[in-house]
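Working notes, beginning with the structure itself.
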Amino acid sequence: MEAFVQQLRRALTKPVMPLLCFFAGVTWDSLTLTRIDRLSDNLIILAYLLLLGGGIILSRRSAQTLDDPAAGVPAVSRLFHVGRVQPYLPWGIQFLFGSLFSAYAIFYSQSASWSGTGLFFGFLVALLIANEFLRDRLSNGPLLIGLYTVVVFSFLTFALPVVTGLMNVWIFLLGAALTLLIAMSVVRVMLRSSSSGSEPTTAQPWWRSDEVRMGLPGVLAVVTLIGFYLLNWIPPVPLSMKFGGVYHAATRGAEGFQLSFERGPWYHFWKQGDDRFHGDGPAFCFTAVFAPVDLKTTIYHRWYHQASGGARLTTTDRIGLTITGGRDGGYRGYSVKSRLVPGNWRVDVETEDGRVLGHIRFSVEPPPSSPPVIETITY
3 MEAFVQQLRR ALTKPVMPLL CFFAGVTWDS LTLTRIDRLS DNLIILAYLL
53 LLGGGIILSR RSAQTLDDPA AGVPAVSRLF HVGRVQPYLP WGIQFLFGSL
103 FSAYAIFYSQ SASWSGTGLF FGFLVALLIA NEFLRDRLSN GPLLIGLYTV
153 VVFSFLTFAL PVVTGLMNVW IFLLGAALTL LIAMSVVRVM LRSSSSGSEP
203 TTAQPWWRSD EVRMGLPGVL AVVTLIGFYL LNWIPPVPLS MKFGGVYHAA
253 TRGAEGFQLS FERGPWYHFW KQGDDRFHGD GPAFCFTAVF APVDLKTTIY
303 HRWYHQASGG ARLTTTDRIG LTITGGRDGG YRGYSVKSRL VPGNWRVDVE
353 TEDGRVLGHI RFSVEPPPSS PPVIETITY
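When we follow the numbering used here, the leftmost residue of the sequence shown carries the number 3, and every step to the right adds one.
Set out below in structure tokens:
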């Protein structure tokens, strides 16, 4: 009986524990992470990155010590007794990767539009889930460098705009350059520590060197993420759309914006905008977009129209709104379309470089026979 219980426990632990750790980690991050520009949150992520870089270096150092106990061991290695901690390093590295991917999934999900930029969010979630089952492979140096490059680049993508107050392609490329510098520095320390005290090896072409072999996954990761950016697949962090809708009127009052829309049937209790707009306008597209403190940029409302029975959406207007950051509920503003024709409409809220923060869809229909009941909310 006791043997059966032990077998059952082992059978449940292998598939269940990673999932429990996964959901516990995501829940913890959801409760503790607040704003993408909050100093405490960014310092926690930065600490995770520093610990992870150190853990990767120690994992290589401990592997070298175990493979060649007679080799000269650096003083730092003796101080940390890397041979003793080696069995626990994969667990620590896995925990740090999981924490970082979980944090990024939360932050990037707030900016993903579930179209093109949703692909990158899905990529982060896939890495988060895969990390729960990668413990036995987390001693592979090139794999570690590739994953480390992704987490460093993902952090700098939103941290640099927060710090500089600028958000453009040059800031993104600066993050790419800093990521390569950090990743290659970790590679050099790994190889230097693992080769300390060993005899010099025969000279070989640079493209066959250990440094190139170890760092190549990191370079490929940076090139891939730059490609994602050029394809507008990376969500426009640190911006995120908090609220949006189309209305018959939008006026600013002492307590906020007064937004007027047609009241729907009683069972549409969630209705907070004109998803069906009756008449030819004007229509007000109202949005609230969060931006970090000190960040000033321009977002655009791109209006699309699809005629009844038509297959394609055509752009009718692209209206810019200058926003400033700092407000929890997002910077509020609206654009106006004066004359509407029947059919399906969509407004994309996008950045200057065309990355989409969100979509607002509605249809335009002829005026009803009797005037609709107008309801007003304050945002």
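Just so you know, even glycine gets a beta-carbon here, dropped at the ideal spot from N, CA and C. Here the structure is a predicted model, which means the values were calculated and not measured.
- Taken atom to atom, the span from the alpha-carbon of E257 to that of L33 is near 29 Å.
- Put simply, the backbone Cα of R363 is about 35 Å away from that of A178.
- In the structure shown, W93 adopts helical secondary structure according to DSSP, grouped into three states.
- Bridge partners of I321 according to DSSP: H303.
- Apart from the 5 residues on each side of it in sequence, L98 sits with its Cβ closer than 7 Å to the Cβ of Y50, L53, L54 and G57 in its chain, given in chain order.
- Of all C-beta pairs linking the segment 350-363 to the segment 245-254, three or more are shorter than 8 Å, placing the two stretches in contact.
- CA-CA distance, P92 to P163, rounds to 33 Å.
- A residue is called buried when at least 16 other Cβ atoms come within 10 angstroms of its Cβ; K298 does not meet this threshold and is exposed.
- If you compare the alpha carbons of D212, F174, S340 and F263 with that of V154, the shortest gap goes to F174.
- About 5 Å separates the beta carbon of Y381 from that of F259, a gap short enough to meet the 8 Å contact definition.
- Taken through DSSP and simplified to helix, strand or coil, I362 comes out as strand.
- By the 16-neighbour rule on beta-carbons within 10 angstroms, Y269 is exposed.
- V171 is classed as exposed because its beta carbon has fewer than 16 other beta carbons within 10 Å across all chains shown.
- A check of alpha carbon separations from G327 across T151, Y110 and V291 identifies V291 as the nearest.
- Judged by DSSP in its simplified three-state form, I59 adopts helix.
- Residue pairing by DSSP places V248 opposite C287 in a beta bridge.
- Spatial neighbours of I376 in its own chain (CB-CB distance under 8 Å, excluding positions within 5 residues in sequence) are listed in chain order as H250, S262, F263, E264 and R265.
- As DSSP reads the structure, V351 sits in a beta bridge with H303 and G360.
- In this structure, the straight-line span from the alpha carbon of F157 to that of I147 is close to 15 Å.
- For the 9 Å CB-CB criterion, S115 and V358 form a contact.
- Here the C-alpha atom of D319 lies approximately 10 Å from the C-alpha atom of V338.
- The three-state reading of DSSP puts F157 in helix, counting H, G and I together.
- Between the alpha carbons of D276 and E367 lies a gap of roughly 11 Å.
- For T36, no beta strand (DSSP E) run applies, since DSSP gives it neither H nor E.
- With fewer than 16 other Cβ atoms inside 10 Å of its own Cβ, D330 counts as exposed.
- DSSP, reduced to helix, strand and coil, places I236 outside both helices and strands of the structure shown, so it counts as coil.
- Check the Cα spacing between W305 and each of N346, Y333 and W272: the tightest is with N346.
- Using a Cβ distance threshold of 9 Å, T181 and G220 count as a contacting pair.
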